[in-house]
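A.B. asks: Its first residue numbered 1, the sequence shown is counted upward by one per residue in the UniProt record's numbering. Below is a structure I'd like to ask you about.
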Amino acid sequence: MGSSLSNLNDGTNGLAMGPGLGDIPESCVACVFMYLTPPEICNLAGLNRSFRGAASSDSVWEKKLPANYQDLLDLLPPERYHSLSKKDIFAVLSRPIPFDDDNKELWIDRVTGRVCMAISARGMAITGIEDRRYWNWIPTEESRFHVVAYLQQIWWFEVDGTVRFHLPPGIYSLSFRIHLGRFTKRLGRRVCHFEHTHGWDLKPVRFSLSTSDGQDASCEYYLDDVERHEALKQHKRGCWIDYRVGEFIVSGSEPSTEIQWSMKQIDCTHSKGGLCVDSVFINPIGDVKEHTKTPKAFDSFKV
């Protein structure tokens, strides 16, 4: 059995055996790799010389990169990517690329090659953020940006953000990453404090997004409906929760797409507090051709 597997990989066949993997031309292997994901290509690269050569081919990795990958490279110093192969460029772009004073990041997904984005709380406009009576910045390793905004108490709660970039064509979703309660570490253990957490069960928080080409979406969530969450076995206090705002479509990289979003609860009949705001994520979820809805057919909903 061991001898047979060895022959299959290196193409050294016995007299009674037919062609093996080692006999497949590198160009044919490259054609197959066009239909595989980058992790699958890397896993097969060790089979033999033909597979290894195809797995390093620029023609293969050019197909795995987004069509406008140069826009991502433009955020880097030229020496970071000068003279690199397409495979190495893919590796560089699959790591976070900071921009806008390191408050925003772009990268490509290692499986799909699609562009993802994250925006820190520091990269957004937060009402009252400069007043320590209301907000504080908390350093933490639980955030990819190493800091989150913590709300102690406020009457007018509003967080707004915007970004403009040449996103590749596709369908994208936008979500807020939020945490009820303040967390610390004590004797190596994570401890959550909820003494400031209040007001999120009285009225819903409204989330919305809009794009420069007229698309929009909105939704509402009760962030701390304890009874309902316990009935549904959804324990949201003390956990990071991604609140999905909606979807939007990018038909082409030119012109660039501007996305605006907000999270607000501005009913001044009650105060609210005890909330951490980490970031906003913009993630690709599909191709334009897979989408059956029109760009403006997003309905509001309430949870």
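For each residue, glycine too, the CB sits at the ideal point set by N, CA and C.
With DSSP run on the structure shown, which of helix, strand or coil describes residue 113?
C.D. replies: Here residue 113 carries a coil assignment [DSSP, helix/strand/coil].
A.B. asks: Does the Cβ of residue 191 have 16 or more other Cβ atoms within 10 Å, making it buried, or fewer, making it exposed?
C.D. replies: exposed
A.B. asks: Taking contact to mean at least 3 C-beta pairs separated by less than 8 Å, is the region 154 to 168 in contact with the region 241 to 253?
C.D. replies: yes
A.B. asks: Find out if the Cβ-Cβ distance for the pair residue 86, residue 61 is shorter than 8 Å.
C.D. replies: Against a cut-off of 8 Å, the Cβ pair of residue 61 and residue 86 comes out as a contact.
A.B. asks: Can you tell which of 39, 207, 139 and 94 has the C-alpha that lies nearest to the C-alpha of residue 161?
C.D. replies: The shortest C-alpha to C-alpha distance from residue 161 to any of 39, 207, 139 and 94 is the one to 207.
A.B. asks: In chain order, what residues of the same chain have a beta carbon less than 8 Å from the beta carbon of residue 89, not counting five sequence neighbours either side?
C.D. replies: 61, 65, 69, 73 and 81
A.B. asks: Mind pulling the beta strand (DSSP E) runs of 3 or more residues that sit fully within the region 181 to 244?
C.D. replies: Complete beta strand (DSSP E) runs here, min 3: 182 to 186, 189 to 193, 205 to 211 and 216 to 221.
A.B. asks: Between residue 59 and the rest of its own chain, which residues show a CB-CB distance below 7 Å, the 5 nearest in sequence each way excluded?
C.D. replies: Closer than 7 Å at Cβ, skipping near neighbours: 30.
A.B. asks: Would you mind working out which of 122, 198, 67 and 171 sits nearest residue 282, comparing C-alpha positions?
C.D. replies: 171
A.B. asks: For residue 15, name the three-state secondary structure that DSSP assigns.
C.D. replies: A caution first: residue 15 carries a pLDDT of 49, below 50, which makes its placement in the model too unreliable to give a value.
A.B. asks: By how many angstroms is the C-alpha of residue 247 removed from the C-alpha of residue 260?
C.D. replies: 12 Å
A.B. asks: Do the region 131 to 147 and the region 40 to 47 make contact, defined as three or more Cβ pairs closer than 8 Å?
C.D. replies: no
A.B. asks: In whole angstroms, what is the alpha-carbon distance linking residue 181 and residue 103?
C.D. replies: Looking at the two C-alpha atoms, the distance is approximately 23 Å.
A.B. asks: Please list the terminal residues of the continuous alpha helix (DSSP H) segment that includes residue 70.
C.D. replies: 69 to 73
A.B. asks: Kindly indicate which residue of 240, 285 and 199 has the alpha-carbon position closest to the one of residue 265.
C.D. replies: 199
A.B. asks: Mapping DSSP to helix, strand and coil, what is residue 45?
C.D. replies: Here residue 45 sits in coil by DSSP.
A.B. asks: DSSP on residue 145, reduced to helix/strand/coil?
C.D. replies: coil
A.B. asks: Whole-angstrom Cβ separation of residue 258 and residue 218, contact assumed at under 8 Å?
C.D. replies: The Cβ separation is near 17 Å, so there is no contact.
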